[in-house]
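In my numbering, the protein residues as written are 58 to 329. Each residue gets a CB set at the ideal place from its N, CA and C atoms; glycine is no exception. Only a predicted model underlies this, so the values are computations on that prediction, with no experimental measurement involved. Written below as structure tokens is the structure these notes are about.
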Amino acid sequence: MTIAALADLRNARRLVIKVGSALLVQDGKPRAQWLATLAAEIADMRRNTEIIVVSSGAIALGAAKLGLAKGGRGSLADAQASASVGQVELARLWSDALEAHTITAAQMLVTLGDLEDRRRYLNASAPLARLLDAGAIPVVNENDSVATEEIRFGDNDRLAARVAQAAGAEAVVLLSDVDGLYDRDPREPGATLVERVDGVTPDIIAMAGDGSSSGLGSGGMIAKLQAARIAERAGIALAIVNGTQERPLARAIEKGIGTLFVPQGAEGARKA
Ligand code: GLU
């Protein structure tokens, strides 16, 4: 089906939901309560939509545990060490949250090469499909404990778009800490939420400014626009919606609050 409005997301056959560090981690502690409410929404949606989660948070959680400065982002070695420690906790959090709805969580750690190199890309598509068939929810993150700068995505926004492509998903939802893309810095008076984008043009990119609203993740609005570009060329819809609100998926779908990037390319999702 074609996704031309946020409301259409409820009919997606396969959907990737990306959860950022700022939503999952606060002062180094997991926001387990919030995650429980998201898991309930996911369990609900899953009745007619296959869901893949892309979750950040490993570096933020691990840095707090190891007591490393700058949220574990002071050096590559710190980020790798933090990710190694935090990924264990992140997987447990998701497993507990989904298990409460008798859903099995599956951890998949991938690198840039796994999703951009054609041969290895298929190595990621097959297990994603198999996990979904078997009724599990894949929870994907970048394998930050071994990734170095040259082979890193660096942000899970672009990773989510690539995962969607690998999985043949129809749409990606990036849960953010803002309502979506604004036509200028959202702190400026008169800033207006852009509800629909037909093609990430230079004018659209200019709206993002330097874009980051929280210090925790690595994404910011620019990374989200890069993700939108990957998605639109692959024929995949991408939405930026506010994850800080209660029942964020329903809010986006029912009230239409968020930014939807409509697919542009005829390329389609790459088939296995
Ligand atoms: N993969 C990183 C983590 O789990 C986060 C990347 C991002 O901030 O998007 O901490």
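*At which residues does the beta strand (DSSP E) containing residue 108 begin and terminate?*
Start at 1 with the first residue of the sequence shown, and residue 108 comes out as number 51. Looking at the DSSP string, the run of the beta strand (DSSP E) that includes residue 108 is 107-112.
*Just confirm the distance between the C-beta atoms of residue 202 and residue 283, as a whole number of angstroms; I'd bet it's less than 8 Å.*
Residue mapping note: residue 202 aligns to position 145 of the sequence shown, counting from 1. Residue mapping note: residue 283 aligns to position 226 of the sequence shown, counting from 1. Their Cβ separation, rounded to whole angstroms, is 24 Å, which puts residue 202 and residue 283 out of contact at 8 Å.
*State yes or no: is the C-beta of residue 131 nearer than 6 Å to some heavy atom of ligand 1?*
For the purposes of this step, residue 131 is taken as the residue at position 74 of the sequence shown. Residue 131 has its Cβ no nearer than 6 Å to any heavy atom of ligand 1.
*Close Cβ partners of residue 146 (< 6 Å) along its chain, the five nearest in sequence each way excluded*: On the sequence shown, position 89 is the one that residue 146 refers to. Around residue 146: 118.
*Just reading off the beta strand (DSSP E) that residue 94 is part of, what are its end residues?*
As a position in the sequence shown, residue 94 is number 37, starting the count at 1. For residue 94, there is no enclosing beta strand (DSSP E); the enclosing alpha helix (DSSP H) has its first and last residue at 89-102.
*May I ask you to list the residues that DSSP assigns as paired with residue 210?*
Mapped onto the sequence shown, residue 210 falls at position 153. Its beta-bridge partners do not exist; DSSP assigns none.
*residue 58 classed as buried or exposed, judged by whether at least 16 other C-beta atoms fall within 10 angstroms*: The residue given as residue 58 occupies position 1 in the sequence shown. Exposed: under 16 other Cβ atoms inside 10 Å.
*With distances taken from CA atoms, which of 220, 259, 306 and 246 is nearest residue 287?*
Here the question's residue 287 lines up with position 230 in the sequence shown. Among 220, 259, 306 and 246, the Cα nearest to that of residue 287 belongs to 220.
*Counting only beta-carbon atoms, is residue 224 nearer than 7 Å to chain C?*
Within the model displayed, chain C is absent; a lone protein chain is all it includes.
*Excluding five sequence neighbours on each side, which residues of the same chain lie with their C-beta closer than 8 Å to the C-beta of residue 257?*
Along the sequence shown, read from residue 1 onward, the residue named residue 257 stands at position 200. Excluding sequence neighbours, residue 257 sits near 282, 285, 286, 289 and 318.
_Burial state of residue 105 (16 or more Cβ within 10 Å)_ = Position 48 of the sequence shown, counted from the start, is the residue given in the question as residue 105. Result: exposed.
*asked:* Output needed for residue 87: all residues of its chain with C-beta closer than 6 Å, excluding positions within five of it in sequence on either side, in chain order.
replied: The residue you call residue 87 lines up with position 30 of the sequence shown. 150.
*Cβ of residue 200 within 6 Å of any heavy atom in ligand 1?*
On the sequence shown, residue 200 is found 143 positions in, with the first residue counted as 1. Incorrect: residue 200 has no Cβ contact closer than 6 Å to ligand 1.
_Same chain, Cβ closer than 7 Å to residue 70, five either side skipped, listed in chain order_ = The residue you call residue 70 lines up with position 13 of the sequence shown. Closer than 7 Å at the Cβ level, and outside the excluded window around residue 70, lie 106, 107 and 227.
*Kindly indicate the opening and closing residues of the beta strand (DSSP E) around residue 164.*
For the purposes of this step, residue 164 is taken as the residue at position 107 of the sequence shown. From DSSP, the beta strand (DSSP E) with residue 164 extends over 162-167.
*Return the chain-ordered ranges of every alpha helix (DSSP H) run that is complete within the stretch 126-159 and spans a minimum of 4 residues.*
133-156
*Supposed close pair residue 315, residue 297 - CB separation, criterion 8 Å*: For this step, residue 315 is matched to residue 258 along the sequence shown. For this step, residue 297 is matched to residue 240 along the sequence shown. Correct: roughly 6 Å between the Cβ atoms.
*asked:* Can you list, in chain order, the residues of its chain with a C-beta nearer than 7 Å to that of residue 236? Leave out the 5 residues immediately preceding and following it.
replied: Position 179 of the sequence shown holds residue 236. Answer for residue 236: 250, 299, 314 and 315, listed in chain order.
_C-alpha distance - residue 291 paired with residue 218, whole-angstrom precision_ = Walking along the sequence shown from the start, residue 291 turns up at place 234. Walking along the sequence shown from the start, residue 218 turns up at place 161. Looking at the two C-alpha atoms, the distance is approximately 9 Å.
*Return yes when at least one heavy atom of ligand 1 lies under 6 Å from the C-beta of residue 152, else no.*
Position 95 of the sequence shown, counted from the first residue, corresponds to residue 152. No.
*Among 229, 96, 200 and 143, which one has its Cα closest to the Cα of residue 121?*
As a working mapping, residue 121 is identified with position 64 in the sequence shown. It is 143 whose Cα lies nearest to the Cα of residue 121.
*Classify residue 232 as helix, strand or coil using the three-state DSSP reduction.*
Taking the first residue of the sequence shown as position 1, residue 232 is located at position 175. Reduced to three states, the DSSP call for residue 232 is strand.
*So residue 213 packs on residue 75, CB below 8 Å; how close in whole Å?*
Along the sequence shown, read from residue 1 onward, the residue named residue 213 stands at position 156. Along the sequence shown, read from residue 1 onward, the residue named residue 75 stands at position 18. Indeed, because the Cβ distance is near 6 Å, the residues count as touching under 8 Å.
*asked:* Buried or exposed for residue 135, going by 16 or more other Cβ atoms inside 10 Å?
replied: Walking along the sequence shown from the start, residue 135 turns up at place 78. Classification of residue 135: buried, given that the 10 Å Cβ count is 16 or more.
*asked:* If I measure Cβ to Cβ from residue 174 and keep anything under 7 Å in the same chain, skipping five residues before and after, which residues do I get?
replied: Position 117 of the sequence shown, counted from the first residue, corresponds to residue 174. Once the five neighbours on either side are set aside, residue 174 has no close Cβ partner at all.
*Spatially closest choice to residue 306 from 233, 162, 211 and 241, by CA coordinates*: Numbered from its first residue, the sequence shown carries residue 306 at position 249. Selection 233, 162, 211 and 241 evaluated against residue 306 yields 233 as nearest (Cα-Cα).
*Considering only residues of the same chain and omitting the five flanking positions on each side of residue 253, which have a CB-CB separation below 6 Å?*
Translated into positions along the sequence shown, residue 253 becomes position 196. Only 317 meet the Cβ criterion.
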